[in-house]
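Visitor: Sharing a structure, written as structure tokens. Questions coming.
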Amino acid sequence: MKTTRYLFALAAATLLPAAALAQGSITALGTANVRASGISPDGLSVSGYGSNLAYYWSTAFPAFVSANDGLGTEVKISNGASFMSADVNDPATSLKTAARWDAITGLWTSIPTLGSSSGTSASTAYDMSGDGGRVVGLAWVSAGQAHAFAWTPTGGTVDIGLWLPGPGWSSRANAVSSNGQFAAGLITSPQRAIRWDLAAGTGTYLGSLNPSDPVFGSSTAYGISADGTYVVGTSNFRAFIWSAATGIQNVGALGTPGSGNAGYGTAVSADGNVVVGWNGANFINSEAIIWKRGWAAPEKLQDYLVNNGVPEAASQWQVLKYAADISDDGRFIVGWGTTTGGQSEGFRVEMPVALPSAYCTAKVNSLGCSPAINSIGYASMSSNQPFLITCSNVLNDKSGLLFYGFAQIAAPFQGGYLCVQPPSTRTPVQLSGGTTGFPNCNGQYSYDFNALIRSGVDTRLFQGVSACAQYWMRDPASIPTVGLSNGLGFVINP
């Protein structure tokens, strides 16, 4: 990339409309008394539970379906709805045991335990990785002591509770990263949040928000980001977010934190910019919350949606009680609440996103065509989908490039209009292609701006930034010998 400064007066500079906001949505998942408990990292599949039975839902088949013998309330699902984790009644022992469900066979397979039980339970599954290849949870090592475990089909069940000292301590893995490399949960005596590095075989205590006891004060981790960088949970009646770079940080609670009014972080987006969870005294008397980086405190998820163009969050729901999980890109949130009809039901939220919008005027080229900038997708820090900035109606077989900046203008330039205020940054040169043999306007350009964002090459490109772009191309028969498209404004989403 190159940064270019144009040395001329910028006449007619204007403040132009920002990118449009695409309407979000909230979808009731359609089965009474089934609560959504997990979402696949790609946001396309949802797991749930009702009457202690496991269910799954997907965009391909948008209705909750019972997964045969699956049990429990911590039901989780992989990408493609290929696998789920929950519990089953193991026929060999008659004990409730952590298990994994395979969509191909439709069967549950019990996960080997750590050799003991407590009451009717031998182990409990709490989460699974994005590909379904790793399951974490707790398993009993004696009638009064449980250890966190991590399981894979090839490595079997590993007692990760042994990785930290403390005879008689119990532990539990509440979450595993999408890539399966890290887990998060708690260890008792005292109760402390922990992140496990499953490759290194180590654990790290995350600290506490209690100012009088920041090391040993009570804390619990409930969620972890896609690559394990960020962990969320609760401490000192407040939701928290942790990373190795920052340590434990306060997300907060609704109102004044204290007994009967605590904030809990249950899940976090891949980039750590969005945290969801719940606030209240317990699951029944609770409200779903959302927090974004830079906010001083969380907001009610219901209020956030209504204030951002999703009125159905209030007109169709009495209250959104619990936000259980979030997709890696921060676009989708699942949980449960009470509908206006008084029914407990699961929900799936699609967050509003800022969409690109065209502005400014293209320069008519030497064949009388107006190069037209357009886009496919939207700019995002964490989405693995492309954001293609395209240009059509351009001369065939001519070199051109996209350049971008951070302020929109409309200033006379090279026989047309400059739509991006300098300084601007160039992307690599492209060839327009198109039909060869004679001059025509069926050439086109395309550039994946999300790939640039993900690369980290330009540190100015981060969530919430407003940017704009324009294409420049060769036009030998024009005076001067260049062409210009109109401009495209966009905001970088989470």
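The sequence shown begins at 2 in my numbering and counts up one residue at a time. Every residue, glycine too, gets a C-beta built ideally from N, C-alpha and C.
At a cut of 8 Å, does the stretch 115–127 reach the stretch 135–152 through at least three beta carbon pairs?
Guide: Yes: at least three Cβ pairs fall under 8 Å.
Visitor: Please say whether Ala325 and Val276 have beta carbons closer to each other than 9 Å?
Guide: Taking 9 Å as the Cβ cut-off, Val276 and Ala325 do not qualify as a contacting pair.
Visitor: Measure the alpha-carbon distance for Ser111 versus Ser41 and round it to whole angstroms.
Guide: So the alpha carbons of these two residues sit roughly 21 Å apart.
Visitor: Pairs of beta-carbons, one from the stretch 188–208 and one from the stretch 251–264, closer than 8 Å: are there three or more?
Guide: No, the stretch 188–208 is not in contact with the stretch 251–264.
Visitor: So, do the stretch 85–93 and the stretch 328–337 have three or more beta carbon pairs nearer to each other than 8 Å?
Guide: Cβ pair count under 8 Å is below three, so no.
Visitor: Specify the secondary structure class of Phe62 as computed by DSSP and reduced to three states.
Guide: Coil, per DSSP.
Visitor: Starting from Val307, trace the alpha helix (DSSP H) in both directions and tell me its first and last residue.
Guide: Looking at the DSSP string, the run of the alpha helix (DSSP H) that includes Val307 is 302–308.
Visitor: Report yes if the CB atom of Ile27 is closer than 9 Å to the CB atom of Ala468, and no otherwise.
Guide: Cβ distance not < 9 Å, so Ile27 and Ala468 don't count as in contact.
Visitor: By the 10 Å Cβ neighbour count, where 16 or more other Cβ atoms means buried, how is Ile498 classified, buried or exposed?
Guide: Only positions 2 to 495 of the chain appear in the structure, and residue 498 is not among them; the question remains open.
Visitor: May I ask you to report which of helix, strand or coil DSSP gives Leu45?
Guide: It is coil, neither helix nor strand.
Visitor: What residues in its chain sit with their C-beta under 6 Å from that of Met474, if we drop five residues either side in the sequence?
Guide: Contacts found: Val395, Lys399, Gly401, Gly484.
Visitor: Judging by CA-CA distance, which residue of Thr74, Cys442, Leu54 is the nearest neighbour of Val66?
Guide: Checking every option, the nearest Cα to that of Val66 belongs to Leu54.
Visitor: Within the same chain, show all residues whose beta-carbon is closer than 8 Å to that of Gln24, passing over the 5 residues directly before and after it, in chain order.
Guide: Same-chain partners within the cutoff: Gly310, Val311, Pro353.
Visitor: Taking its Cβ as the centre, do 16 or more other Cβ atoms sit within 10 Å of Arg193, making it buried, or is it exposed?
Guide: Label assigned to Arg193: buried.
Visitor: For the beta strand (DSSP E) that Leu419 lies in, which residues bound it at each end?
Guide: Segment 417–421, the beta strand (DSSP E) holding Leu419.
Visitor: Assuming Ala144 and Ser119 are in contact, meaning their beta carbons sit under 8 Å apart, how far apart are those beta carbons, in whole angstroms?
Guide: At roughly 5 Å, the Cβ-Cβ gap stays under 8 Å, so Ala144 and Ser119 are in contact.
Visitor: Can you give me the C-alpha to C-alpha distance between Gly444 and Asn397, rounded to a whole angstrom?
Guide: Between Gly444 and Asn397, the C-alpha separation is close to 4 Å.
Visitor: If you pair each beta-carbon of the stretch 373–384 with each one of the stretch 422–430, do three or more pairs fall below 8 Å?
Guide: No, because fewer than three Cβ pairs between the stretch 373–384 and the stretch 422–430 fall closer than 8 Å, the two stretches do not touch.
Visitor: Relative to the C-alpha of Pro71, which candidate in Tyr50, Phe62, Asn80 has its C-alpha closest?
Guide: Note that residue 71 corresponds to Gly in the displayed sequence, not to Pro. Among Tyr50, Phe62, Asn80, the Cα nearest to that of Gly71 belongs to Tyr50.
Visitor: Within 8 Å, do at least three Cβ pairs link the stretch 237–253 to the stretch 352–369?
Guide: Contact fails: fewer than three Cβ-Cβ distances are below 8 Å.
Visitor: Going by alpha carbons, who is nearest to Gly181 out of Ser226, Asn451, Cys370?
Guide: Nearest option by C-alpha distance: Ser226.
Visitor: Relative to the alpha-carbon of Gly331, which residue among Leu321, Pro495, Ala99 has its alpha-carbon at the smallest distance?
Guide: Closest option to Gly331, Cα to Cα, is Pro495.
Visitor: Quick one: complete beta strand (DSSP E) runs, 3+ long, within the stretch 59–138?
Guide: With a minimum length of 3 residues, the continuous beta strand (DSSP E) runs that stay inside the stretch 59–138 are 66–78, 84–90, 97–103, 108–111, 124–129.
Visitor: Inspect the CB distances between the stretch 340–348 and the stretch 415–423 and report whether three or more fall short of 8 Å.
Guide: In short, these stretches do not touch, since the Cβ pair count stays below three.
Visitor: Take Thr482 and list the residues in its own chain whose beta-carbon comes closer than 8 Å to its own, dropping the five residues that flank it on each side.
Guide: So the list reads Arg475, Asp476, once near-sequence residues are dropped.
Visitor: Ala380 to Gly169, Cα distance in whole Å?
Guide: Taking the straight line joining both Cα atoms gives about 50 Å.
Visitor: Going by the CB atoms, is the gap between Leu321 and Glu288 shorter than 9 Å?
Guide: Contact flag set, yes.
Visitor: Answer with buried or exposed for Phe450, where buried requires no fewer than 16 other C-beta atoms within 10 angstroms of its C-beta.
Guide: Phe450 is buried by the Cβ-count criterion.
Visitor: Count the other C-beta atoms from every protein chain shown that fall within 10 angstroms of the C-beta of Asp272, then say buried if there are 16 or more, exposed otherwise.
Guide: By the 10 Å Cβ count, Asp272 comes out buried.
Visitor: For Tyr323 versus Trp292, is the C-beta distance shorter than 9 Å?
Guide: No, these two residues do not count as a Cβ contact at 9 Å.
Visitor: Do you know how far the Cα of Val492 is from the Cα of Asn251?
Guide: The alpha-carbon atoms of Asn251 and Val492 are separated by roughly 27 Å.
Visitor: Just mark Gly157 as buried or exposed, buried being the case when its beta carbon has 16 or more other beta carbons within 10 Å.
Guide: Answer is exposed; the Cβ neighbour count stays below 16.
Visitor: Run through DSSP, which three-state label would Leu453 get?
Guide: Here Leu453 sits in helix by DSSP.
Visitor: Using the Cβ count rule (16 or more neighbours within 10 Å means buried), how would you classify Phe183?
Guide: It is buried - the Cβ of Phe183 has at least 16 other Cβ atoms within 10 Å.
Visitor: Report the option in Pro423, Leu306, Gly224 whose CA atom is closest to the CA atom of Gly266.
Guide: Selected option, being the one with the closest Cα: Gly224.
Visitor: Considering only their Cβ atoms, is the gap separating Ile242 from Val269 smaller than 9 Å?
Guide: Contact flag set, yes.
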